[in-house]
Amino acid sequence: MAPEKNINEQNKRLEQMDYNPSEDIFKREKHISLDGDGNPILDEEFDDDKIDKGLDIPGAEDDDEMEEIGEEDEENNYWSLSDNEDDHEEENDDVLT
């Protein structure tokens, strides 16, 4: 009788397959997070959702606490301020009204 059809032989092979969970190589490996493209994230402390995205903008960290709760006043940051002489309104002369 072939071992595949012999229940006792199958059970004996299953018992031999048992292993100690501490020997499981997958449980001993350090977990590595992956980004959306499947690439490893090596620096998990880096917060890619920050407004400055790691750029060196002076004073960007001063309002981080307000950013976390969604209360940042982006319009009054110096890089967002416009000169008052230019109204930044675009006029489309080619649009028919």
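Per numbering that gives the first Met the number 0: the sequence shown = residues 0 to 96. Glycine is no exception: its CB is placed at the ideal position from the N, C-alpha and C atoms. None of the values given here were measured: they were computed from a predicted structure.
Please tell me whether residue i and residue j are closer than 8 Å, where the distance is taken between their beta carbons.
i	j	result
proline 20	lysine 26	yes
leucine 33	isoleucine 40	yes
Compute every distance between the C-beta of residue i and the non-hydrogen atoms of the ligand MN, then say whether any falls below 7 Å.
i	result
leucine 33	As presented, the structure is devoid of all ligands, the ligand MN included, so that no description of it is given.
Which residue comes first and which comes last in the alpha helix (DSSP H) that contains residue i?
i	result
aspartate 63	63-67
* Asked: Taking only runs of the alpha helix (DSSP H) that begin and end inside the stretch 2-30, which ones reach a length of at least 4 residues, in chain order?
  -> 6-16, 24-27
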